[in-house]
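What follows is a set of notes on a single structure, which appears directly below.
In this note's numbering, the protein residues as written are 19 to 356.
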């Protein structure tokens, strides 16, 4: 596929879900060392962004502080074709990252591919292709300095990975927008049986993955847990969220609440999806999301950070672990490519 003039080419009741020790990696700092990583998401969207993407990668590569990179999914817009050629193009770009790269799959590259302007494709076929192409080596990150990570490959979900660094347990979790992939496909009024089966399996795996991350943090006496996902389950740009568009997240939110409440340290949730940088406490006292998701006890230790994306994908987030894992700080670094 040429880098063209294209610029570069029913309701689910998920209740009673199923309620590997993380390995150190070459890039992982010790408990007492500093550690800095970059987070991006919802990029590249459209021809111009696709053309700039290699320069964006080169800029992150040149940041001497960055030791690890996380892409939170949506490697294309929701209205462009989900072709093998496009996926291969992004894979070639991802291969230019020098540091370990963890890619968390987004909805635009599979869940929404049933749309006529996306192909159309069977979303499950697109998900299988993404796993084949981007996760051909389960237990290894992408990037030129590939690192070892714990993987849920035994669940058939190699994109769910965990690693430890600088007193922090990290977990990338495959949770996507479009109601966690329960939005009906074109021509249907509700989720199909195969669609529902995929969501059930992936959600159960996500809950287990989150549990394992917190269990490992407790075992290693780590100070923080970082969760990285595509879906914005607490989208502040939606003033009146409809339960019909969010119920697929409820068991995952419940798992995060349960694990965070039992954890003495800080919990950080990084997501993309809503495209506008935001840092907040989505389940603190007074939040409308408490009643929405049926959470009875506010969480004081959960911080959520949304990265810029889509038309706002003009920067990457540089995140630093401070005070031996006790807290994180971050700053937006503008992309310089025109």
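Quick reminder that beta carbons are idealized off the backbone N, C-alpha and C, glycines included.
Please classify residue 346 as buried or exposed, where buried requires at least 16 neighbouring CB atoms within 10 angstroms. buried
Please list, in chain order, all residues of the same chain as residue 344 whose beta carbon is under 6 Å from its beta carbon, the five residues on each side excluded. The answer, listed in chain order, is 241.
Straight-line gap, residue 339 to residue 279 (C-alpha atoms, nearest Å): Taking the straight line joining both Cα atoms gives about 22 Å.
Taking 8 Å as the cut-off, decide whether the C-beta atoms of residue 178 and residue 190 are in contact. yes
Report buried or exposed for residue 325, applying the criterion of at least 16 other Cβ atoms within 10 angstroms of its Cβ. By the neighbour-count rule (16 or more Cβ atoms within 10 Å), residue 325 is buried.
Considering only residues of the same chain and omitting the five flanking positions on each side of residue 63, which have a CB-CB separation below 6 Å? 95, 328
How many Å lie between residue 85 and residue 351 at the Cα? Rounded to the nearest angstrom, the two C-alpha atoms are 15 Å apart.
Cut-off 6 Å between Cβ atoms - residues of its own chain near residue 273, not counting five sequence neighbours on either side: 225, 228
Cβ distance (whole Å) where residue 130 is taken to contact residue 248 below 8 Å: Wrong, their Cβ atoms sit about 12 Å apart, outside the cutoff.
Extent of the continuous beta strand (DSSP E) to which residue 177 belongs: 175-183
Going by the CB atoms, is the gap between residue 200 and residue 217 shorter than 8 Å? yes
Cβ-Cβ distance between residue 117 and residue 161 below 8 Å: yes
Along the beta strand (DSSP E) that carries residue 348, what are the first and last residues, could you check? 345-352
If you run the structure through DSSP and keep just helix, strand and coil, what is residue 221? helix
So, are the CB atoms of residue 90 and residue 288 less than 8 Å apart? Judged by their CB atoms, residue 90 and residue 288 are nearer to each other than the 8 Å cut-off.
Test item: CB-CB of residue 99 and residue 140 under 8 Å: In this structure, residue 140 does not lie closer than 8 Å to residue 99 by Cβ.
Using 10 angstroms around the beta-carbon of residue 257, count the other beta-carbons present and answer buried if the total reaches 16, otherwise exposed. exposed
Where residue 43 sits in the DSSP three-state scheme: Low per-residue confidence applies at residue 43: pLDDT is 38, beneath 50, and the placement is therefore not dependable, though the value from the model is reported in the following sentence. Residue state, collapsed to three classes: coil.
Within 10 Å of its beta-carbon, does residue 170 have 16 or more other beta-carbons around it, so buried, or fewer, so exposed? Residue 170 is buried by the Cβ-count criterion.
Residues in its own chain within less than 6 Å of residue 71 by CB, not counting five upstream and five downstream? Cβ neighbours of residue 71 within its own chain (closer than 6 Å, five residues either side excluded): 62, 111.
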